[in-house]
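K.L.:
Protein chains in written order, with the working numbering: chain A, 1 to 393; chain B, 394 to 786. Virtual Cβ for every residue (Gly too), placed ideally from N, Cα, C. The following block contains the structure, expressed as structure tokens.
There are 2 protein chains.
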Amino acid sequence: MGYTTQGFKASAVSAGLKKNGALDLCLIYSEKAATAAGVFTTNLVKAAPVLLSMEHIRDGKARAIVANAGNANACSGPRGMRGARKTAELVSRSLGILPEEVLVASTGVIGEPLDMNLVSNAIALLAESLGPDGLQDAAKAIMTTDSFSKMARFEGAVDGRPYKITGMAKGAGMIMPDMATMLSFILTDISIDAASLQAALLEGVEKTFNRTTVDGDTSTNDTVFALANGMAGNGPLSQGDLMEFTRGLTLVMDDLARMIARDGEGATKFVTVELKGAASAHDALQGARTIANSALVKTAIYGRDPNWGRIMAALGRAGISMDESATDICVDDVQIVKGGLGCGKKAEKTAAKRMEKDSFVISIDMHLGTFAEKIYTCDLSHEYVSINADYRT
Amino acid sequence: MGYTTQGFKASAVSAGLKKNGALDLCLIYSEKAATAAGVFTTNLVKAAPVLLSMEHIRDGKARAIVANAGNANACSGPRGMRGARKTAELVSRSLGILPEEVLVASTGVIGEPLDMNLVSNAIALLAESLGPDGLQDAAKAIMTTDSFSKMARFEGAVDGRPYKITGMAKGAGMIMPDMATMLSFILTDISIDAASLQAALLEGVEKTFNRTTVDGDTSTNDTVFALANGMAGNGPLSQGDLMEFTRGLTLVMDDLARMIARDGEGATKFVTVELKGAASAHDALQGARTIANSALVKTAIYGRDPNWGRIMAALGRAGISMDESATDICVDDVQIVKGGLGCGKKAEKTAAKRMEKDSFVISIDMHLGTFAEKIYTCDLSHEYVSINADYRT
């Protein structure tokens, strides 16, 4: 299979946590001790598995990831924490590794107790069914309202020795930096020290998941893990090797981030908001984010309406430097605003045609400076409302 | 009529700016020179009428307000500015007052040229049809996606001399502080100096319109005007009189603000988010606002689902001090979270019943300090998406 990665095995089962009987619990196991890095939600309300994994990853080592969907084990108090710990212990016992080598992640409904009986019963089976081809099932098991599973890969080499980076993610709702509100697990057989892996992961997350938004709500469970088991057998990484690895890792996460925006809850459009000519790096990011999160811009996208007045209004309230009369806006190659003024009905009609496509770019040039940023987003549809009005029922 | 206010006349016509032929242009006229106060959008992109009215109100005096719906005259460049100026001039000529005594306000689509022929043709008719009973029609003429016109009043007295405060507003979409994204005109016959009127208006706006949100998008056209024509004949205001007037003004704006949230685009529920026990005034406001603007909280309200995990998650990402395990949440009188943990399915069922009502209160006690705030909001429905996907078509 295209996603197998040397030295990693995985499995997934239906433990009964999802009401529809789909895969909902998965295990990823590294045959060798792996260096490990993690990035976690900035939400002050952190789920029990987030708190536990922050503890377990501190030494930069891990052997296994156990993750469930269907229940976030968040806002679950001491009982939730005991459940997360118990999960790690059960996995450690069934694999013969230390509990501290097990990372735990959860996603799903907040505030309901995790049924530990269901988890306990399933873990032995998970351990038994581990295999090199299990990653695709694992990617399915972490889905919640996702409509497709998300995987990506990169192949590189150090001194002629090939290595591979394989990533999976789930997204769909409660998606907004920082950090990217989702689960993502990245596996690689490269040999790399924990500090370099953490630095590369942080750099990649910042450029990809943290540039993605579905609804502006940051989750309590966001987690990205990277495990590197060293089985590629490469020697120490040069500065150039490290740059190339970081690039590959970022590409994998960029693919996953795009998939998350494309598969945003109820999304019918994948949109990249590109803002350039901003007066500062902060302004570029803040401006792009404000547009990408505006309910009015997102509903206009859903309606295939190049309603640029809403984009101007979003920029104007973003708390950044702005000169209305210097602002240009395009949809793909079609300019709809020049110097703050509309380019007319004909341009808007052509832009509306571009918006019929599954994906397009809204680009803004503020002509105030040299700073640029991009954000991946999606539209706000009837389906988003349906999904989130009825999520728990 | 209940809304007539001594010395003020008004009228409204259908000038053809709304496609459906409804009232869309109105004039409010004070027989005597009035002291005037104004509060305007904080959006850097300010519509032409906002810029012009900021100029005209600087001296604290005004005689007339002319307002249109159907076109915001925003992002319209020098041409838009000429249009706003021309509107003020035409009104001044037909009323025999100075152009600087005319305040202009617009609301509607951004970025389309205002058809000045339609406006010019209608102004003579507007002036001719001025009457003391015209305020209700004026309130209708400023509606855009509003489903009902919004008026409120207050009666007070200074030294036994009665005075009246009458307010009108339009809201519906692009509603988010600061400042309240809407038009509101307040008329009173009290005698008051411009500085006191401005101070009272600012205080009232801050407590009411700036505590209201529909979709988190701040408009380019937000405007609140207050005109006081002094025809109540009262003498100088004591400190107590001023406090009473400010209270009355605030009550009028509070009524209007509640109506705006209740009539939010597609809203099926009017919700007051009350946050108390915050560690600072900033935290109280920021926390309440983050909950009131969360797409996930608002869709849960639409689904009548007391999904308190989303409230906790919103608080956790609000950028404020928070202790998850100290947080309590109620829907009206029903406690659903105690010390960060859910109170069980039975409590949630009772809370869900409260959420069947047209309006209810979500109250949060953070138990960290003594600061409290409230925000008026509404749910996020299929209808909001429909209205805003198809707004220009």
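Just the chain A side, please: which residues come within less than 8 Å of Met715 of chain B by C-beta, in chain order?
P.N.:
By Cβ distance, chain A contributes Leu44 and Val45.
K.L.:
Going by other Cβ atoms of all chains shown within 10 Å of its Cβ, with 16 needed for buried, is Glu265 of chain A buried or exposed?
P.N.:
Result: buried.
K.L.:
Since Gly340 of chain A meets chain B, which of its residues come closer than 7 Å, beta carbon to beta carbon?
P.N.:
Simply Cys468 and Gly470.
K.L.:
In or out: Lys19 of chain A buried (at least 16 other Cβ within 10 Å) or exposed?
P.N.:
The residue in question, Lys19 of chain A, is exposed, as its Cβ has fewer than 16 Cβ neighbours within 10 Å.
K.L.:
Output the distance between the C-alpha atoms of Asp146 of chain A and Lys543 of chain B, rounded to the nearest integer angstrom.
P.N.:
If I take the Cα positions, the gap works out to 42 Å.
K.L.:
Would you decide whether Ser631 of chain B is buried or exposed? Buried here means 16 or more other CB atoms lie within 10 Å of its CB.
P.N.:
The residue in question, Ser631 of chain B, is exposed, as its Cβ has fewer than 16 Cβ neighbours within 10 Å.
K.L.:
Are the segment 668-680 of chain B and the segment 621-639 of chain B in contact at 8 Å, needing three or more beta carbon pairs?
P.N.:
These segments do not touch.
K.L.:
Does the beta carbon of Met312 of chain A sit closer than 7 Å to a beta carbon anywhere in chain B?
P.N.:
Chain B contact via Cβ: present.
K.L.:
If you measure from the beta carbon of Asp146 of chain A to each beta carbon in chain D, is any gap under 7 Å?
P.N.:
Reference to chain D is not applicable here, since the protein chains of this structure are A and B.
K.L.:
Could you give the DSSP three-state label for Gly407 of chain A: helix, strand or coil?
P.N.:
Any property of residue 407 of chain A remains undetermined from this structure, which presents chain A solely from 1 to 393.
K.L.:
What in chain A is Cβ-close to Met775 of chain B, meaning under 8 Å?
P.N.:
In the sequence as displayed, the identity of residue 775 of chain B is His instead of Met. Within 8 Å Cβ-Cβ: His382, Val385 and Ser386.
K.L.:
Kindly indicate if chain B contains any beta-carbon less than 7 Å away from that of Gly344 of chain A.
P.N.:
So no, Gly344 of chain A is outside the interface.
K.L.:
Give, in chain order, every unbroken run of the beta strand (DSSP E) that is at least 3 residues long and sits entirely within the segment 321-365 of chain A.
P.N.:
As far as the segment 321-365 of chain A is concerned, its whole beta strand (DSSP E) runs of at least 3 residues are 328-331, 334-338 and 359-365.
K.L.:
What does the alpha-carbon distance come out to for the pair Thr181 of chain A and Gly463 of chain B?
P.N.:
Any answer about Thr181 of chain A is weak, because its pLDDT of 47 lies below 50 and its placement is not dependable; what the coordinates show is given next. Cα-Cα distance, rounded: 39 Å.
K.L.:
Using a C-beta to C-beta distance shorter than 7 Å, which residues of chain B count as neighbours of Arg211 of chain A?
P.N.:
Within 7 Å Cβ-Cβ: nothing; Arg211 of chain A doesn't reach chain B, min ~17 Å.
K.L.:
Could you compute how far the alpha carbon of Thr480 of chain B sits from the alpha carbon of Gly732 of chain B?
P.N.:
Cα to Cα, the separation comes out at about 58 Å.
K.L.:
Against chain B, does Gly264 of chain A count as a neighbour if the rule is that its beta carbon must be under 7 Å from one of theirs?
P.N.:
Taking Cβ atoms only, chain B never reaches closer than 7 Å to Gly264 of chain A, which makes this a no.
K.L.:
Candidates A:Ala200, A:Thr290, A:Val271 and A:Ile336: which alpha carbon is nearest Val39 of chain A's?
P.N.:
It is A:Ala200.
K.L.:
Note down, in chain order, each residue of its chain lying with its Cβ closer than 7 Å to the Cβ of Thr272 of chain A, except the 5 sequence neighbours on either side.
P.N.:
Only Val361, Lys374 and Tyr376 meet the Cβ criterion.
K.L.:
Could you compute how far the alpha carbon of Ala261 of chain A sits from the alpha carbon of Gly414 of chain B?
P.N.:
Roughly 41 Å separates the two Cα atoms.
K.L.:
Drop a sphere of 10 angstroms on the beta-carbon of Pro49 of chain A, count the other beta-carbons inside from all chains shown, and report buried for 16 or more, exposed for fewer.
P.N.:
Counting Cβ neighbours within 10 Å, Pro49 of chain A comes out buried, since at least 16 surround it.
K.L.:
Using a C-beta to C-beta distance shorter than 9 Å, which residues of chain A count as neighbours of Tyr769 of chain B?
P.N.:
Result: empty, since nearest Cβ-Cβ is about 17 Å, beyond 9 Å.
K.L.:
Pull the bridge partners of Ala403 of chain B from the DSSP assignment, please.
P.N.:
Per DSSP, B:Ile421 and B:Gly524.
K.L.:
Between which residues of its own chain and Leu668 of chain B is the CB-CB distance below 6 Å, once the five residues before and five after are set aside?
P.N.:
Around Leu668 of chain B: Ala677, Gly680, Ala681, Ile757 and Glu766.
K.L.:
Check whether the segment 744-752 of chain B and the segment 705-718 of chain B touch, using three or more Cβ-Cβ pairs below 8 Å as the test.
P.N.:
Touching, no, given that fewer than three Cβ pairs across the two stretches are closer than 8 Å.
K.L.:
For a cutoff of 7 Å on Cβ pairs, would you count Ile585 of chain B as touching chain A?
P.N.:
So, not an interface residue.
K.L.:
Can you tell me where the beta strand (DSSP E) holding Ile768 of chain B begins and where it ends?
P.N.:
From DSSP, the beta strand (DSSP E) with Ile768 of chain B extends over Phe764 to Cys771.
K.L.:
With distances taken Cα to Cα, identify the nearest neighbour of Leu383 of chain A among A:Asp358, A:Thr299 and A:Arg79.
P.N.:
The identity of residue 383 of chain A in the sequence shown is Glu, whereas the question assumes Leu. Among A:Asp358, A:Thr299 and A:Arg79, the Cα nearest to that of Glu383 of chain A is on A:Thr299.
K.L.:
Within 10 angstroms of the Cβ of Thr166 of chain A, are there 16 or more other Cβ atoms? Answer buried if so, exposed if not.
P.N.:
Flag for Thr166 of chain A reads buried.
K.L.:
Output the distance between the C-alpha atoms of Val406 of chain B and Gln529 of chain B, rounded to the nearest integer angstrom.
P.N.:
Near 12 Å, if we compare the C-alpha coordinates of Gln529 of chain B and Val406 of chain B.
K.L.:
Per DSSP, what are the beta-bridge partners of Phe638 of chain B in this structure?
P.N.:
Paired residues: none, contrary to the question.
K.L.:
What is the residue span of the alpha helix (DSSP H) that Arg93 of chain A lies within?
P.N.:
Counting along the chain, the alpha helix (DSSP H) containing Arg93 of chain A begins and ends at Gly77 to Leu95.
K.L.:
Look at Cys378 of chain A and Lys207 of chain A and say whether their C-beta atoms are less than 7 Å apart.
P.N.:
Contact: no.
K.L.:
What is the DSSP secondary structure of Asn20 of chain A, counted as helix, strand or coil?
P.N.:
Coil, per DSSP.
K.L.:
Counting contacts by CB-CB distance shorter than 7 Å, is Arg651 of chain B in contact with chain A?
P.N.:
For Arg651 of chain B, the answer is no, since every Cβ of chain A falls outside 7 Å of its Cβ.
K.L.:
In chain order, what are the residue ranges of uninterrupted beta strand (DSSP E) at least 3 long that sit wholly in the segment 619-672 of chain B?
P.N.:
The segment 619-672 of chain B contains these whole beta strand (DSSP E) runs: 663-671.
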